[in-house]
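S.K.: The structure is given below, and queries will be raised subsequently.
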């Protein structure tokens, strides 16, 4: 890993990259933390404010909407980050506007077409997606379809701001403003029992986020073009010739595979909800969705660090700085394990109790929480493996990996759901997540000689495993009741905190402390 002496006045490039990662990661973590809590509370509002039948149908409808949105984005959420960060690192920032124009036109057209198809075909889609009356599902789908173009514009504009290494728009606009407004509107509807407006309340905030995101992007694009970074200026700029080629052609050659991969990714993440609704009915879909929301809460660290590390990796890989890429990847993975392993282990321990938050009858999803929480331990210790592959330009490989994992997921679900119910759906997702992480892990190890298993990552895993795994789970096996479990978890948290403090140098926590000091008022 790259390092720097405490006596140096000017940080090395590797240290600067880590501090930029820490700065973006901390800001994104706060925003993503709020978003995860808001999403979780939105599910609580829906499960407690409406019947299981109504909630299950609505969850299936939002899944279809998100798949349509993933298709409408055409992969621009990754392509814009990659090209904007790369061209600015190469001193070619004047080309940013061309990449933005190349991205937005097709995205808007695709979003309008998909929204029209979704609106027109809503009755047939709802009938196929839900085992039961399709009228409510069709109504939800048509309401959601009206807001799909705004959602696509919002996502693309925010991705472009991240290409400028600015995490604030995503944190404030997407994670806080939109999610907070969505939760508030859903809570109002639950209070008055207005199911007919659920679609508008859930998707309407995308209009607000789209307008603000576009205005913020325009502000960033008007800033002066920065000079090339020193590491690039001192040598031949890698990829400069390609960067000066046909902008639209270059952009879509890279981004097109991501368009398909994005759809496959959302199918991998959410399509099991549709399968459960179609095969077991909307009531079981509501239970399954509620149980899987705990996994979403645990993904806040993954989302926060992923969005922060994308432009950093694009920049260092464009410079051919493999040592910097290794440092970023291993440090981000270390912090990801530090943030998420305690969360997933706590969810695994308290699964039977935590589902009571959603209301009566949701406890049957405890096995789902347990299976997915333990699976996510493996997924997170692999780090941002997809991001590394994509930022290295291997979007076709990423597409093949995601499609393979999606296929495994669907086949496993079709085989296991009829036999095991929602537990089978969780098992199918777990198998697919294993495939999704192992394959790219082997690819980047072979091609880039990169892996996430640095000293920091292994130390973080050991601390979390002992503090939140061994102690509470042993207590659960030996003692009955909630109180001993709470005491053991508190003791484990104290042990974990002490371990992080003692090993803060290995865990690279000093970088976060420096960011906090600079942010403190003088």
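In this note's numbering, the protein residues as written are 1 to 522.
Glycine residues also receive a C-beta, built at the ideal position from the N, C-alpha and C atoms.
Keep in mind that this is a model prediction, so the values were computed, not measured.
If you check the beta carbons only, do residue 182 and residue 205 fall under 8 Å apart?
M.R.: Here residue 182 is taken as the residue at index 182 of the chain shown, counted from 1. Here residue 205 is taken as the residue at index 205 of the chain shown, counted from 1. For residue 182 and residue 205, yes; Cβs fall inside 8 Å.
S.K.: Taking 8 Å as the threshold (C-beta atoms), are residue 119 and residue 342 in contact?
M.R.: Along the chain shown, one-based indexing puts residue 342 at 342. Along the chain shown, one-based indexing puts residue 119 at 119. Contact flag unset, no.
S.K.: Which runs of the alpha helix (DSSP H) spanning at least 4 residues fall entirely within the stretch 94-140, listed in chain order?
M.R.: Complete alpha helix (DSSP H) runs here, min 4: 96-120, 122-129.
S.K.: Report the rounded CA-to-CA distance for residue 286 versus residue 464, giving the unit in angstroms.
M.R.: Along the chain shown, one-based indexing puts residue 286 at 286. Along the chain shown, one-based indexing puts residue 464 at 464. Approximately 31 Å between the Cα atoms of the pair.
S.K.: Under 8 Å: do the stretch 113-128 and the stretch 264-271 share three or more Cβ pairs, one atom per stretch?
M.R.: No: the two stretches stay apart, fewer than three of their Cβ pairs being nearer than 8 Å.
S.K.: Among 385, 92, 477, 113, whose alpha-carbon lies nearest the alpha-carbon of residue 452?
M.R.: Stepping through the chain shown from its first residue, residue 452 is reached at position 452. For residue 452, the nearest C-alpha among the options comes from 385.
S.K.: Pick from 507, 195, 409, 146: whose alpha carbon is nearest that of residue 113?
M.R.: Residue mapping note: residue 113 aligns to position 113 of the chain shown, counting from 1. If we check each option's Cα against that of residue 113, 146 comes out closest.
S.K.: In the DSSP assignment, find the alpha helix (DSSP H) that holds residue 83 and state where it starts and stops.
M.R.: In the chain shown, residue 83 corresponds to position 83, counting from 1. Taken as a continuous stretch (DSSP letters only), the alpha helix (DSSP H) holding residue 83 covers 76-89.
S.K.: Suppose the cutoff is 6 Å on Cβ atoms and the five residues either side in sequence are ignored; what does the same chain contact list for residue 185 look like?
M.R.: Counting from 1 along the chain shown, the entry for residue 185 is found at position 185. If we look at residue 185 and ignore the five residues flanking it on each side, its Cβ neighbours are 201.
S.K.: CB-CB under 6 Å to residue 65, same chain, minus the five flanking residues each way: which ones, in chain order?
M.R.: Counting from 1 along the chain shown, the entry for residue 65 is found at position 65. Result list for residue 65: 144, in chain order.
S.K.: Are there three or more Cβ pairs, one per stretch, closer than 8 Å when the stretch 62-82 is compared with the stretch 153-165?
M.R.: Touching, per the Cβ criterion.
S.K.: Are the stretch 249-261 and the stretch 59-76 touching by the rule of at least three beta carbon pairs closer than 8 Å?
M.R.: At 8 Å Cβ cutoff, the stretches touch.
S.K.: At what residues does the alpha helix (DSSP H) containing residue 258 begin and finish?
M.R.: To locate residue 258, count along the chain shown from 1; it is residue 258. From DSSP, the alpha helix (DSSP H) with residue 258 extends over 247-280.
S.K.: Got a sec, what are the start and stop residues for the alpha helix (DSSP H) residue 409 sits in?
M.R.: Within the chain shown, numbered from 1, the residue matching residue 409 stands at position 409. Note, residue 409: alpha helix (DSSP H), 395-420.
S.K.: Candidates 39, 41, 48, 53: which alpha carbon is nearest residue 283's?
M.R.: Translated into the one-based positions of the chain shown, residue 283 becomes position 283. The candidate whose alpha carbon is nearest that of residue 283 is 53.
S.K.: Could you check which residue in 93, 418, 483, 347 has the C-alpha nearest to that of residue 247?
M.R.: Counted from its first residue, the chain shown places residue 247 at position 247. Per the Cα distances, 93.
S.K.: Nearest to residue 339 by CA position, among 306, 363, 436, is which residue?
M.R.: Within the chain shown, numbered from 1, the residue matching residue 339 stands at position 339. Out of 306, 363, 436, 306 has the C-alpha closest to the C-alpha of residue 339.
S.K.: Span of the alpha helix (DSSP H) holding residue 389?
M.R.: By one-based count along the chain shown, residue 389 stands at place 389. Element bounds for residue 389: 385-391.
S.K.: Going by beta carbon distance, what residues of the same chain come within less than 7 Å of residue 105, once the five residues before and after it are set aside?
M.R.: For the purposes of this step, residue 105 is identified with residue 105 of the chain shown, where counting begins at 1. Result list for residue 105: empty, nothing under 7 Å.
S.K.: Quick one: complete alpha helix (DSSP H) runs, 4+ long, within the stretch 296-329?
M.R.: Here the runs fully enclosed are 300-318.
S.K.: Go to residue 54, then tell me how far its alpha helix (DSSP H) extends in each direction, as first and last residue.
M.R.: Translated into the one-based positions of the chain shown, residue 54 becomes position 54. 52-73 is the extent of the alpha helix (DSSP H) around residue 54.
S.K.: Can you look up residue 490 in the DSSP assignment and give me helix, strand or coil?
M.R.: Numbered from 1 along the chain shown, position 490 holds the residue referred to as residue 490. Here residue 490 sits in helix by DSSP.
S.K.: Drop a sphere of 10 angstroms on the beta-carbon of residue 356, count the other beta-carbons inside from all chains shown, and report buried for 16 or more, exposed for fewer.
M.R.: Stepping through the chain shown from its first residue, residue 356 is reached at position 356. Answer is exposed; the Cβ neighbour count stays below 16.
S.K.: Does the separation of the CB atoms of residue 250 and residue 209 fall below 8 Å?
M.R.: Locating residue 250 in the chain shown gives position 250, where the first residue counts as 1. Locating residue 209 in the chain shown gives position 209, where the first residue counts as 1. Cβ distance not < 8 Å, so residue 250 and residue 209 don't count as in contact.
S.K.: Give the DSSP-derived three-state secondary structure of residue 451 in the structure shown.
M.R.: The residue you call residue 451 lines up with position 451 of the chain shown. Looking at residue 451 - three-state DSSP - the assignment turns out to be coil, as it is neither helix nor strand.
S.K.: So, for residue 459: in the same chain, excluding its five sequence neighbours on each side, which residues have a beta-carbon less than 7 Å away from its beta-carbon?
M.R.: Taking the chain shown and counting its residues from 1, the one referred to as residue 459 is at position 459. Within the same chain, residue 459 has close Cβ partners 503, 506, 507.
S.K.: From this set, 140, 156, 471, 447, which residue's C-alpha is nearest residue 322's C-alpha?
M.R.: As a position in the chain shown, residue 322 is number 322, starting the count at 1. The shortest Cα separation from residue 322 among 140, 156, 471, 447 belongs to 447.
S.K.: Provide the residue span of the alpha helix (DSSP H) that contains residue 381, from first to last.
M.R.: Taking the chain shown and counting its residues from 1, one reaches residue 381 at position 381. That run of the alpha helix (DSSP H) goes 366-381.
S.K.: Here's the rule: buried if 16 or more other CB atoms are within 10 angstroms of the residue's CB, otherwise exposed. What is residue 49?
M.R.: Within the chain shown, residue 49 is the residue found at index 49, counting from 1. Burial call: buried.
S.K.: Would you call residue 474 buried or exposed, if buried means 16 or more other Cβ atoms sit within 10 Å of its Cβ?
M.R.: Taking the first residue of the chain shown as 1, we reach residue 474 at position 474. That one is exposed.
S.K.: Nearest-angstrom Cα distance between residue 274 and residue 319?
M.R.: For the purposes of this step, residue 274 is identified with residue 274 of the chain shown, where counting begins at 1. For the purposes of this step, residue 319 is identified with residue 319 of the chain shown, where counting begins at 1. Residue 274 and residue 319: Cα-Cα distance of roughly 43 Å.
S.K.: Hey, is the stretch 35-51 in contact with the stretch 208-223, meaning 3+ C-beta pairs nearer than 8 Å?
M.R.: Segments in contact, no.
S.K.: Which residues in the same chain as residue 103 place their Cβ atom closer than 7 Å to its Cβ, once the five residues preceding and following it in sequence are excluded?
M.R.: Along the chain shown, one-based indexing puts residue 103 at 103. Same-chain partners within the cutoff: 76, 79, 80, 156, 251.
S.K.: So, are the CB atoms of residue 371 and residue 461 less than 8 Å apart?
M.R.: Residue 371 sits at position 371 when you count from the first residue of the chain shown. Residue 461 sits at position 461 when you count from the first residue of the chain shown. No. Outside cutoff.
S.K.: For residue 184, name the three-state secondary structure that DSSP assigns.
M.R.: Position 184 of the chain shown, counted from the first residue, corresponds to residue 184. Three-state result, residue 184: helix.
S.K.: Could you check if residue 329 is buried or exposed, using at least 16 other CB atoms within 10 Å of its CB as the buried criterion?
M.R.: Start at 1 with the first residue of the chain shown, and residue 329 comes out as number 329. Answer is buried; the Cβ neighbour count reaches 16.
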